[in-house]
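K.L.:
Pasting a structure below so you can have a look.
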Amino acid sequence: MPKHFLMCRPEYFTVEYAINPWMHPETGADRDVAVRQWEGLKAAYEELGHEVSLIDPIEGLPDMVFAANGALVVDGRVYGARFAYTERGPEGPAYLRWFTERGYPTRQPRHVNEGEGDFLTLDDVILAGTGFRTDVVAHQEAQEYLGLPVISLKLIDPRFYHLDTALFPLDGRNVAYYPQAFSEGSQAVLRRMFPEAVLASAEDAEVLGLNAVSDGTNVIINAEAWGLQLELKRRGYEVIPVDLSELRKAGGGPKCCTLEIRGDK
37 MPKHFLMCRP EYFTVEYAIN PWMHPETGAD RDVAVRQWEG LKAAYEELGH EVSLIDPIEG
97 LPDMVFAANG ALVVDGRVYG ARFAYTERGP EGPAYLRWFT ERGYPTRQPR HVNEGEGDFL
157 TLDDVILAGT GFRTDVVAHQ EAQEYLGLPV ISLKLIDPRF YHLDTALFPL DGRNVAYYPQ
217 AFSEGSQAVL RRMFPEAVLA SAEDAEVLGL NAVSDGTNVI INAEAWGLQL ELKRRGYEVI
277 PVDLSELRKA GGGPKCCTLE IRGDK
């Protein structure tokens, strides 16, 4: 079934501050390369038949390209983002305004959360990350608003600062993840919930191979994650590698650039 994604062109992309271990302002990033790579990702979605809507980028917000962090949308209802770092603070209201202007019911969050960066939705449950960017009380706030059970998972490795850098849904019932990014208790929860999960190696996780997007048949994934691609193919998925190496300099990959709009407004 075709999906509906919201994306933001990296018109003002740069690496001018460091709020995660991937970011090195002294080396910066090439905006033009980032735009070309982002356009390749957008084209890949459209070639698969998915709808892509665009939010206008805002000068001075270089990380706004990472649309996944802007909100969580379930059944046409929008739970907004409240960013942990002041550098990204204005992104939350900008994304919420985009949805409000289009008639979506929205909720301004009381608690710090970074949208789909730390909330990943399956058929009957939302997996929610905490430990670096999203307060665990935001998990409860999202559950009350959206009416789906929210399972809290603790991240322990600062390289995997958002849940979507360490785990992605393969479909509505199963996931792929890197176990060592999670606390022992959260690893036990994931083993219990997803006994058939795809487990990623450190090598694939370290190129943000788990910051991927699956529509249940096709998986858009960072090109360097060779081992994970092979395992996904073995499981019957169509794998579509993309090059987002420039955006990875800010800690982002395919999923970071992609906010899924679930349900009609």
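Okay, so the sequence shown: first residue is 37 according to my numbering, each after it adds one.
Backbone N, C-alpha and C define an ideal beta-carbon position, used for all residues, glycine too.
Model, not experiment: these values are computed from the prediction.
#1: Rounded to whole angstroms, what's the CA-CA distance from Pro215 to Ala236? Just pull it up for me.
#2: Please tell me whether Leu182 and Val110 are closer than 8 Å, where the distance is taken between their beta carbons.
#3: Measure the alpha-carbon distance for Ala80 versus Tyr140 and round it to whole angstroms.
#4: Buried or exposed for His175, please, with buried defined as at least 16 other CB atoms from any protein chain shown within 10 angstroms of its CB.
#5: Assuming Leu77 and Ile256 form a contact by the criterion Cβ under 8 Å, report the distance between their Cβ atoms to the nearest whole angstrom.
#6: Using the rule of at least 16 other Cβ atoms within 10 Å of the residue's Cβ for burial, across every protein chain shown, is Pro145 buried or exposed?
#7: Distance, Cα to Cα, Ala193 vs Asn56?
#8: In whole angstroms, what is the alpha-carbon distance linking Asp240 and His198?
#9: Counting pairs of beta carbons, one from the segment 58-75 and one from the segment 277-285, are three or more of them closer than 8 Å?
#10: Are the segment 207-214 and the segment 129-140 in contact at 8 Å, needing three or more beta carbon pairs?
#11: Leu158 to Glu220, Cα distance in whole Å?
#12: Looking at the unbroken alpha helix (DSSP H) that takes in Tyr181, where does it start and where does it end?
#13: When the Cα atoms are used, what is the spatial distance from Val234 to Glu267?
#14: Would you mind giving the Cβ-Cβ distance between Thr170 and Lys190, rounded to the nearest angstrom? I have them listed as a contact below 8 Å.
#15: Going by DSSP, what residue range makes up the beta strand (DSSP E) through Gly165?
#16: Could you tell me which residues DSSP puts in a beta bridge with His40?
#17: For Cys44, collect the residues of the same chain with a Cβ closer than 6 Å to its Cβ; drop the 5 residues on either side in sequence, then sort them by chain order.
#18: For Ser250, name the three-state secondary structure that DSSP assigns.
#19: Taking 7 Å as the cut-off, does the CB of Ala54 come closer than this to any heavy atom belonging to the ligand ATP?
#20: With a threshold of 16 other CB atoms inside 10 Å of the CB of Ala224, please say whether the residue is buried or exposed.
#21: From the DSSP output, read off the bridge partner residues of Ala212.
#22: Tell me which residues share the same chain as Gln179 and place their Cβ nearer than 6 Å to its Cβ, disregarding the 5 neighbours each side in the sequence.
#23: Select from Ala217, Ile162, Ser222 the residue whose C-alpha is nearest the C-alpha of Pro205.
#24: Looking only at its chain, what residues have a beta carbon closer than 7 Å to the beta carbon of Val275, apart from the 5 residues adjacent to it on each side?
#25: What's the gap between the Cα of Asp200 and the Cα of Leu280?
#26: Quick one: Cα of Val51 to Cα of Val173, how far?
P.N.:
With the structure as the only source:
#1: 8 Å
#2: yes
#3: 27 Å
#4: buried
#5: Rounded, the Cβ-Cβ distance is 7 Å, consistent with contact.
#6: buried
#7: Reading off the sequence, residue 193 comes out as Asp, not Ala. Each residue's Cα considered, the two are about 11 Å apart.
#8: 16 Å
#9: yes
#10: no
#11: 22 Å
#12: Counting along the chain, the alpha helix (DSSP H) containing Tyr181 begins and ends at 172-182.
#13: Distance from the CA atom of Val234 to the CA atom of Glu267, rounded to whole angstroms, is 8 Å.
#14: About 11 Å separates the two Cβ atoms, so there is no contact after all.
#15: Counting along the chain, the unbroken beta strand (DSSP E) around Gly165 starts and ends at 162-166.
#16: Glu87
#17: The beta carbon of Cys44 lies closer than 6 Å to those of Ile91, Pro93, Met100, Val101, Ala103 in the same chain, with the five residues before and after it left out.
#18: strand
#19: For the structure depicted, the ligand ATP is absent and the ligand set is empty, with no information on it obtainable.
#20: exposed
#21: Phe204, Val234
#22: Val186
#23: Ile162
#24: Val255, Ile257, Gln265, Leu268, Lys269
#25: Put simply, the backbone Cα of Asp200 is about 15 Å away from that of Leu280.
#26: 30 Å
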